[in-house]
Amino acid sequence: MKKTLPGIVMAAALAMGGVAQAITTSRIISATLDNWKQGLTVYNNEDTFVTKVRLAWMEQYQMASVQPNGSNGLHLKDGGSPFNHEFRRSWVGLNVDFRTGTQFHTWARIGGLPYRHTWKNGRTVRGFSYTDLFDIWIKQDIKAVKGLSVKAGKLKPLFTTDYSTPSSALTCVERSFVGNQYALDSNWGLDITYAPNKQDTVYLQLLANDRASASKSNTHRDAYRDGRGLKGEFGWEDKFYAIVGASHKFNVTDNGYHKVSFQYAHDFNNTYDHSTAPGANCYGIGVKDALSLGYEVKKDKWLFLANLVGNCEMQTGGGNNIGLQLQPVYSINPHVDLVFRYTGMTGNNACKLGADRYICTNTTASSWVDSINAFYFGADFYALSHDKNRLKLMFGAEYTTARKNGSDCYNGWEYTSALRWNF
Numbered sequence: 289m290k291k292t293l294p295g296i297v298m299a300a301a302l303a304m305g306g307v308a309q310a311i312t313t314s315r316i317i318s319a320t321l322d323n324w325k326q327g328l329t330v331y332n333n334e335d336t337f338v339t340k341v342r343l344a345w346m347e348q349y350q351m352a353s354v355q356p357n358g359s360n361g362l363h364l365k366d367g368g369s370p371f372n373h374e375f376r377r378s379w380v381g382l383n384v385d386f387r388t389g390t391q392f393h394t395w396a397r398i399g400g401l402p403y404r405h406t407w408k409n410g411r412t413v414r415g416f417s418y419t420d421l422f423d424i425w426i427k428q429d430i431k432a433v434k435g436l437s438v439k440a441g442k443l444k445p446l447f448t449t450d451y452s453t454p455s456s457a458l459t460c461v462e463r464s465f466v467g468n469q470y471a472l473d474s475n476w477g478l479d480i481t482y483a484p485n486k487q488d489t490v491y492l493q494l495l496a497n498d499r500a501s502a503s504k505s506n507t508h509r510d511a512y513r514d515g516r517g518l519k520g521e522f523g524w525e526d527k528f529y530a531i532v533g534a535s536h537k538f539n540v541t542d543n544g545y546h547k548v549s550f551q552y553a554h555d556f557n558n559t560y561d562h563s564t565a566p567g568a569n570c571y572g573i574g575v576k577d578a579l580s581l582g583y584e585v586k587k588d589k590w591l592f593l594a595n596l597v598g599n600c601e602m603q604t605g606g607g608n609n610i611g612l613q614l615q616p617v618y619s620i621n622p623h624v625d626l627v628f629r630y631t632g633m634t635g636n637n638a639c640k641l642g643a644d645r646y647i648c649t650n651t652t653a654s655s656w657v658d659s660i661n662a663f664y665f666g667a668d669f670y671a672l673s674h675d676k677n678r679l680k681l682m683f684g685a686e687y688t689t690a691r692k693n694g695s696d697c698y699n700g701w702e703y704t705s706a707l708r709w710n711f
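Going by the working numbering, the first residue of the sequence shown is number 289, and it counts up by one from there.
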């Protein structure tokens, strides 16, 4: 049936009205989010000793479902649920800048709320949570040397490309097996960084703390049981490790860049309480030496990341390990990205399947295996084109296979989604 001219005009008018309404709604959302972010700056005056005081707020609410394949369904724990949802990250921060080139920073975090399923004392429980200060430090710019700064306090260790990426900037719902295996909780120490320009950065981190697993000696004078918060004694004799890192960005254009990175970690003390029992000193880097090589390239709508990591002398008693992460991201438009990630690891009883947040929670699969291959497919949706990480909705599906002692020990899908915001 042919449309009359008035009908065509009416349809066009309705379409234009819908587009106009969508544009107006987008502008309202953008303005609202910008106002929220600006509202967290509670003081700003360059003429006073304290030049700026800013609060920060970051949340990640996520859901996940672990679905082992076929006979692997037997890996689900009795009475456990394959489904989890929780506030994965709930952060409140404070940043204070001083005219002397000094900055105070802290992040307080609440994790695990409200309904993450965990396995405890032979049964599944819910509502596991914790509260602590993830980091709290003072940074001083050394004005005599451009780009030189020193931090002191509780710091995030920077090792592997994945874990060095801020939580707010992740393009996958969870970090890779490679990133999580070497994911170091914050430790006390020093960070010396030299970044003379936007292309080059070199840093040295010296970190230490009494952070032992449940296998630590109960007679040890330290009561630092869970590796969180400010409690417990500080002891270089128990854990002392260093990380050296460097990155260089080149071929920088309006449409992209290339970036190479290098990180080396060394544990100076591989014992705990005069004992070398496996796992007795698992906080820190968990190995004697580890090396990470990263490569990143951005070209128009493509962003590609690669990270090769290897280590030796694992404290868990496993063999040497090598891992690879490949991650291309394609931007369909400023509001939608498609993400793929491949993660591969190999090493005799040296690959941490338990590095996945939910496989280890919901299944009986071994935490340490000989090889892991994982394939992640995802899509991210951004509320703002000019600040993608302010508010985003993420969806992902990851297929994981693991082998141990020459046979499959786990394979299956994990479906995840997350709502993140960062102000």
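A virtual CB, placed ideally from N, CA and C, is assigned to each residue, including glycine.
Where residue i and residue j are concerned, what is the direct C-alpha to C-alpha distance, given to the nearest angstrom?
i, j, result
"residue 365", "residue 591", "39 Å"
"residue 711", "residue 356", "37 Å"
"residue 667", "residue 342", "32 Å"
"residue 532", "residue 439", "15 Å"
"residue 337", "residue 428", "15 Å"
"residue 446", "residue 652", "31 Å"
"residue 459", "residue 370", "24 Å"
"residue 686", "residue 377", "20 Å"
"residue 600", "residue 581", "15 Å"
"residue 642", "residue 350", "19 Å"
"residue 694", "residue 688", "17 Å"
"residue 630", "residue 696", "19 Å"
"residue 392", "residue 386", "9 Å"
"residue 434", "residue 485", "9 Å"
"residue 622", "residue 637", "43 Å"
"residue 538", "residue 593", "15 Å"
"residue 577", "residue 661", "23 Å"
"residue 339", "residue 432", "21 Å"
"residue 329", "residue 454", "21 Å"
"residue 397", "residue 646", "20 Å"
"residue 380", "residue 708", "14 Å"
"residue 382", "residue 358", "48 Å"
"residue 395", "residue 474", "11 Å"
"residue 610", "residue 436", "33 Å"
"residue 421", "residue 477", "15 Å"
Give the C-beta separation of residue i and residue j to the nearest angstrom, bearing in mind that I take them to be a contact with Cβ-Cβ under 8 Å.
i, j, result
"residue 672", "residue 681", "The pair is not a contact, with the Cβ atoms about 12 Å apart (cut-off 8 Å)."
"residue 491", "residue 471", "Not a contact, Cβ separation roughly 18 Å."
"residue 528", "residue 550", "Not confirmed; about 22 Å, so no contact."
"residue 632", "residue 587", "With 8 Å as the limit, residue 632 and residue 587 do not qualify as a contact, their Cβ atoms being about 24 Å apart."
"residue 713", "residue 488", "It is not possible to answer for residue 713, since the shown part of the chain is limited to 289 through 711."
"residue 464", "residue 677", "Not quite, the Cβ-Cβ distance comes to about 18 Å (not below 8 Å), so this is no contact."
"residue 704", "residue 347", "Wrong, their Cβ atoms sit about 16 Å apart, outside the cutoff."
"residue 390", "residue 426", "7 Å"
"residue 344", "residue 372", "That belief does not hold up - the Cβ atoms of residue 344 and residue 372 are roughly 26 Å apart, past 8 Å."
"residue 589", "residue 619", "4 Å"
With DSSP as the reference, identify every bridge partner of residue i, one or two as the case may be.
i, result
"residue 373", "351"
"residue 641", "Beta-bridge pairing links residue 641 to no other residue."
"residue 684", "666, 704"
"residue 540", "Note: residue 540 sits in no beta bridge, so no partner."
"residue 584", "547, 593"
"residue 646", "According to DSSP, residue 646 bridges with nothing at all."
"residue 629", "664"
"residue 651", "364"
"residue 340", "332, 385"
"residue 533", "491, 551"
"residue 578", "553, 599"
"residue 396", "380, 421"
"residue 695", "692"
Under 8 Å between the Cβ atoms of residue i and residue j?
i, j, result
"residue 659", "residue 634", "yes"
"residue 596", "residue 612", "yes"
"residue 712", "residue 469", "The chain is shown only over 289 to 711; residue 712 falls outside these bounds and no answer can be derived."
"residue 684", "residue 698", "no"
"residue 444", "residue 424", "no"
"residue 466", "residue 702", "no"
"residue 617", "residue 583", "no"
"residue 706", "residue 657", "no"
"residue 614", "residue 598", "no"
Can you name the start and end residues of the beta strand (DSSP E) that residue i belongs to?
i, result
"residue 677", "Per DSSP, residue 677 belongs to no beta strand (DSSP E) and is neither H nor E."
"residue 481", "475-482"
"residue 470", "No beta strand (DSSP E) holds residue 470; DSSP gives it neither H nor E."
"residue 619", "609-621"
"residue 493", "488-496"
"residue 357", "Unbroken run through residue 357: none, as it is neither H nor E."
"residue 437", "436-443"
"residue 329", "329-332"
For residue i and chain C, any beta-carbon pair shorter than 8 Å?
i, result
"residue 391", "No chain C appears in this structure, which consists of one protein chain only."
For the alpha helix (DSSP H) holding residue i, just list the boundary residues, first then last.
i, result
"residue 231", "Absent from the structure is residue 231, since the part of the chain shown begins at 289 and ends at 711."
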